[in-house]
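Data block below; observations after.
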Amino acid sequence: LSLLSIFAGLMFFYRPTVYQDFRSVLLVALLMATTIAAAAVIAGSGAPFELVPMAFPALVIAMLWDGRMALNMSLVLALLLGAQTPFLSLSSHLMLAIGGAAAALSVRVVRRRAQGLILGAFVAFSYALLALALGLLRGEVGAGVFESAAWGTVNGIGSALLALGFMPLFEAFTRITTDQTLLELADLNRPLLKRLSLEASGTYAHSINVANLAEAAAHAIGANALLVRVGAYYHDVGKLAAPQYFIENQARGRNPHDQLDPGTSAALVRSHVLEGIRLAEQANLPEAVKQFIPEHHGTQKIAYFLEQARRRDESVDASEFTYQGPKPQSRETAILMLADSIESAMKVLQDPTAERIRELVDRIVAGKIAEGQLEEAPLTMRELSLIKQQFVSVLLGMYHHRIDYPTQQVPPPAPVAAAGRASP
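All residue numbers for the sequence shown refer to the numbering used here, where the first residue is 561 and numbers rise by one.
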């Protein structure tokens, strides 16, 4: 009980967000209980203790949360099991501890689910190395050592395959999107992003720029930078339904909105949010990524077309020119809202000097605060200050002035003698 209390305290200190979701707490408890039950079955059946699946819960915890939490849980489990009669030997203690520790650390080297066998190989190698080391310490280098290494190898590979196989289920249950999933979604060759680059190249370029801005800001305040980058890639995919109605995809002098009334234009612009959600669902994007599509607009007004409509009729219904929200609910979606507006505004900023860029960033952030768009996002004023600093820093790099090199004077070519001219 004291060991479990220590683990609970460590989780509260390192990962307090786990306690905010009953599903997360339940999954951690089930993983620990399953491992203890498996160890009891293995001990009762006389099977080798190297088969205790310590790596399985460690891999799951490391992929869903982080390696530190997985390592803490592995050590607690090793101590709990090591106190039981079948696992009292030093070899058992070390095997139990190393299996979980190796699994917790191995997740750092794997960036794609397809590389899952690397996880198993890393854990298997750790088991085999430990078995050899223990054999050398005991002066036993023979069949027993190789048998221990073989069982450890089976355990490592089996645990990795189980963890990866069940990971989609665990992600859905906890509503957590792992870094492995995000890295796969960040592949610019994925069908939806490839289609965006071909059919709406202006929107695609805008999304890449927004991703660079937002990722830097997220890093500055300790938010999930990878999630922000992926959210930026997909936040405007709904424009694929009618890319020509968005200015970044329009050829010079050709604006189809010139032939439409303001209400119709606003409806077309607003529709890209619902279309984006539809495409995201078709592509099976996780909820954490889909949230960026409606939240990056919040409940903002489509000011340009609203102003045009009011010139025709002062009594126009403003709700028809307003995005339906919700407002940003997380730091990540709030960052994207700011980055999206600032990147768009930079396109029309004349002579982007450092001072003008700072003024633009300050004005847009202040405007979002005044409109109440950030009131539901857990951002502090200090974090907003850091975000603005990062925006300015990145924009200065993106829009720096090029050196005006002097034009080189090229001497005229020497005259060529006329063909057939007689020599003097």
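Backbone N, C-alpha and C fix where the C-beta goes; we use that ideal spot for every residue, glycine too.
Secondary structure note for ASN769: its alpha helix (DSSP H) is the uninterrupted segment 761-781. Proximity to TYR959 across ARG918, ASP747, GLU841 peaks at ARG918, based on C-alpha coordinates. Within its own chain, the residues whose Cβ lies closer than 6 Å to the Cβ of ALA630, once the five positions on either side in sequence are excluded, are ALA618, ILE621, ALA622, ALA664, listed in chain order.
At a Cβ-Cβ threshold of 8 Å, ASN715 and GLU610 count as neighbours. Per DSSP, GLY798 lies in no alpha helix (DSSP H) segment and is marked neither H nor E. VAL788 is positioned such that its CB atom lies closer than 8 Å to that of ALA778.
For TRP711, the enclosing alpha helix (DSSP H) has its first and last residue at 703-734. Assignment of beta-bridge partners to LYS861 by DSSP yields THR882.
Within 10 angstroms of the beta-carbon of PHE582 lie fewer than 16 other beta-carbons, which makes it exposed.
A direct Cα-Cα distance of roughly 41 Å separates GLY718 from ILE895.
DSSP places LEU909 outside any alpha helix (DSSP H), giving it a letter other than H or E. Contact annotation, THR893 with GLU855: C-beta distance approximately 4 Å; criterion of less than 8 Å satisfied. Excluding sequence positions up to five before and after VAL876, its CB lies within less than 7 Å of the CB of ALA869, ARG870, all in the same chain and listed in chain order. The beta carbon of HIS817 lies closer than 7 Å to those of TYR805, SER825 in the same chain, with the five residues before and after it left out. Straight-line spacing of the CA atoms in ALA863 and THR737 works out to 35 Å. Counting every other CB atom within 10 Å of its CB across the protein chains shown gives MET655 a total of 16 or more, marking it as buried.
LEU624 is the residue among GLY762, LEU624, HIS766, ASP747 whose C-alpha sits nearest the C-alpha of PHE733. LEU640 sits close to ILE596, with the two beta carbons spaced by under 8 Å. Ranked by Cα distance from SER708, the first of LEU752, GLY659, LEU756 is GLY659. Residue range 739-745 is occupied by the alpha helix (DSSP H) that includes ASP739.
Cβ neighbours of ALA691 within its own chain (closer than 7 Å, five residues either side excluded): VAL705, SER708, ALA709, GLY712.
Around the CB of SER565, fewer than 16 other CB atoms lie within 10 Å, so the residue is classed as exposed. When the five nearest sequence neighbours on each side are left out, the beta carbons in the same chain lying within less than 6 Å of the beta carbon of ALA776 are those of GLN950, VAL954, in order along the chain. In this structure, the straight-line span from the alpha carbon of ASN769 to that of GLU841 is close to 24 Å.
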